[in-house]
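Let me begin by presenting the structure, written as structure tokens, before commenting on it.
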Ligand code: SDX
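Residue numbers (the UniProt record's numbering): 39 to 432.
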């Protein structure tokens with residue numbers, strides 16, 4: 039029997055909430071989506087099966103799976119006008135900035151057809167967001183490379199389409215690699231939802247005012263970008279490059295423990311997991327599979343990461359504080375091996391987390407108790423005092 043937080047409607051006004059989507063036990067390292075263990079889902083499902091589960095509450099049957107995949111596939115194109123938004127950015131703009139801007143701009147295209155009080159229109163907006171994110175990210179990458187946009191192809195699966203929009207060009211087709219497609223599906227599953235993390239809470243708070251779902255998801259993207267949150271996967275690679283070699287690891291472990299040094303070991307620690315992040319175990323296994331498939335098993339960066347993990351997990355400071363590798367520790371290494379540039383890593387996290395964000399947004403709007411979010415504060419400012427005219431101020 040899950041020890042469920044005693045729900046008090048008064049809490050909804052302060053940003054806390056009740057939810058039936060994801061359950062985490064940080065001490066036991068448990069992560070369930072609608073009651074299913076993350077390891078079972080990662081092992082047995084495609085990403086869209088888990089997207090359906092998180093969004094609708096049950097795994098799809100054969101007919102539901104076919105219809106959902108067909109609906110998502112046929113919403114994957116972006117309005118051609120949106121392609122012009124990309125051209126307003128410099129080519130070297132960070133893809134997360136581009137993604138934030140483009141998704142926010144989608145509100146201008148779909149605002150009028152999204153009555154958030156109509157469950158059917160909410161679901162259409164949800165499908166549109168899930169379907170279009172691979173195109174949004176693929177186009178952000180292509181734009182940064184100075185290459186033409188590649189359009190989604192209806193004959194491909196969700197992950198195949200994404201990888202093709204990233205790596206195909208008009209001059210050379212992308213040939214799907216089943217191992218990499220499977221790995222991408224599994225990585226998207228591992229990032230799909232994670233209860234009330236910072237970016238999901240941002241989406242809920244924005245949505246609690248009745249804002250347009252595209253604008254709410256843009257707010258979630260902004261929150262995810264931070265290096266303490268989804269930006270950590272990019273920060274892990276930056277850190278590994280900075281460490282450079284195994285013999286410099288002790289120097290950085292020392293920095294990470296120094297209270298006066300802002301440096302933290304990126305990819306380690308978690309707000310909730312005080313045991314091993316169950317996603318990290320699956321990510322580590324996927325990492326080895328992908329590097330094996332690509333023949334880069336002896337990738338120096340992976341070896342450095344493995345040695346860093348070994349040393350950190352034997353160090354009293356990290357063990358005492360239960361600072362284990364989290365989901366971001368391995369994902370960056372896999373993405374890099376796949377040829378995805380570091381600046382796009384967090385875009386992939388946002389692509390996957392769109393499922394969780396939009397499912398939680400829908401759940402919030404169906405909760406009759408839900409009021410506009412209003413987090414509380416502890417006032418520590420000046421007490422009441424008389425006005426001081428300008429000529430009397432010190
Ligand atoms: C994600 O919430 C979610 O669910 C997020 C996420 C999701 O799926 O949505 O799981 C995704 O954001 C994963 C986390 C990715 N971030 C990083 O890898 C960045 C590095 N990690 C740290 O910034 C940190 O661990 C946090 C932000 C993740 C968690 O911070 P907490 O819970 O506030 O931890 P804390 O500050 O209470 O740490 C306790 C102690 C402190 O030392 P003391 O004051 O006890 O002496 O551990 C230390 C911290 O200084 N510490 C670290 C550390 N993380 C915590 N020391 C060195 N390196 C670290 N990474």
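Glycine included, every Cβ here is placed at the ideal spot set by N, Cα and C. Bear in mind that the values here come from a model prediction, so they are computed numbers and not experimental data.
So for residue 71, helix, strand or coil by DSSP?
DSSP places residue 71 in strand when its eight states are reduced to three.
Proximity test, residue 393 beta-carbon vs ligand 1 heavy atom, cut-off 7 Å
Taken from the Cβ of residue 393, every heavy atom of ligand 1 lies 7 Å or farther away.
Roughly how many angstroms separate the alpha carbons of residue 175 and residue 405, rounded to a whole number?
One C-alpha to the other measures close to 32 Å.
Look up residue 501 in the DSSP assignment and say whether it is helix, strand or coil.
Missing from the structure shown is residue 501; the chain here goes from 39 to 432 and no further.
May I ask you to report which of helix, strand or coil DSSP gives residue 61?
Reduced to three states, the DSSP call for residue 61 is strand.
Just the Cα atoms here: how many angstroms apart are residue 227 and residue 428?
Those two C-alpha atoms are separated by around 60 Å.
Using CA atoms only, rank isn't needed, just tell me which of 380, 100, 322 and 267 is closest to residue 239.
267
Start and end of the alpha helix (DSSP H) containing residue 242?
Boundaries of the alpha helix (DSSP H) harbouring residue 242: 236 to 245, taken from the DSSP string.
Rounded straight-line distance, which links the Cα of residue 407 to that of residue 143
31 Å
Within the present structure, is the beta-carbon of residue 303 separated from the nearest heavy atom of ligand 1 by less than 7 Å?
yes
State the DSSP-derived secondary structure class of residue 404, mapped to helix, strand or coil.
coil
In three-state terms, what does DSSP make of residue 56?
coil
Top-ranked residue by Cα proximity to residue 223, from 86, 322 and 69:
The residue with the shortest Cα to Cα distance from residue 223 is 86.
Contact between the segment 52 to 65 and the segment 168 to 182 is defined here as three or more beta-carbon pairs at a separation below 8 Å; is this criterion met?
no
Assuming residue 194 and residue 328 form a contact by the criterion Cβ under 8 Å, report the distance between their Cβ atoms to the nearest whole angstrom.
In fact, because the Cβ distance is near 20 Å, the residues do not count as touching under 8 Å.
According to the neighbour-count rule (16 or more other Cβ atoms, all chains shown, within 10 Å of its Cβ), is residue 364 buried or exposed?
buried
Between 199, 340 and 145, which lies nearest to residue 119 when the distance is taken from Cα to Cα?
It is 145.
Alpha carbon to alpha carbon, how far is residue 396 from residue 111?
18 Å
If you measure from the CB of residue 242, is any heavy atom of ligand 1 nearer than 7 Å?
Not so, every heavy atom of ligand 1 lies at least 7 Å from the Cβ.
According to DSSP, residues forming a beta bridge with residue 306:
363
Could you tell me if residue 50 is buried or exposed, where buried requires 16 or more neighbouring beta carbons within 10 angstroms of its beta carbon?
At residue 50, the pLDDT of 45 sits below 50, so the modelled position is not reliable; the number obtained from the coordinates is stated separately. By the neighbour-count rule (16 or more Cβ atoms within 10 Å), residue 50 is buried.
Using DSSP with H/G/I as helix, E/B as strand and the rest coil, what is residue 210?
strand
Looking at ligand 1, does it come within less than 7 Å of residue 290, judged from the CB to the closest heavy atom?
no
For residue 95, which residues of its own chain have a beta-carbon under 6 Å away from its beta-carbon, when the five flanking residues on both sides are left out?
72
Rounded straight-line distance, which links the Cα of residue 115 to that of residue 82
28 Å
Assuming the contact rule is C-beta atoms closer than 8 Å, residue 385 and residue 137 should be a hit. Round their C-beta distance to whole Å, please.
5 Å
Own chain, CB closer than 8 Å to residue 230, minus 5 neighbours either side, in chain order
71, 85, 88, 89, 92, 390, 391, 393 and 394
Exposed unless 16 or more other CB atoms sit within 10 angstroms - verdict on residue 259:
buried
Is there contact here, the segment 246 to 255 with the segment 266 to 283, by at least three beta-carbon pairs under 8 Å?
no
Compare the C-alpha of residue 148 against each of 130, 167, 206 and 135 and name the closest.
167
Within a Cβ cutoff of 6 Å, which residues of the same chain sit near residue 368, ignoring the five residues on either side of it in sequence?
The answer, listed in chain order, is 321, 322 and 325.
For residue 430 and residue 417, I'd like the C-alpha separation in whole angstroms.
27 Å
Spatially closest choice to residue 132 from 197, 263, 313 and 59, by CA coordinates:
When each option's Cα is compared against that of residue 132, the closest is 263.
CA-CA distance, residue 210 and residue 204?
12 Å
Any heavy atom of ligand 1 within a distance shorter than 7 Å of the CB on residue 357?
no
Take the Cβ of residue 192 as the centre, count every other Cβ of all protein chains shown within 10 Å, and call the residue buried at 16 or more, exposed below.
Looking at its Cβ environment, which holds fewer than 16 other Cβ atoms inside 10 Å, residue 192 is exposed.
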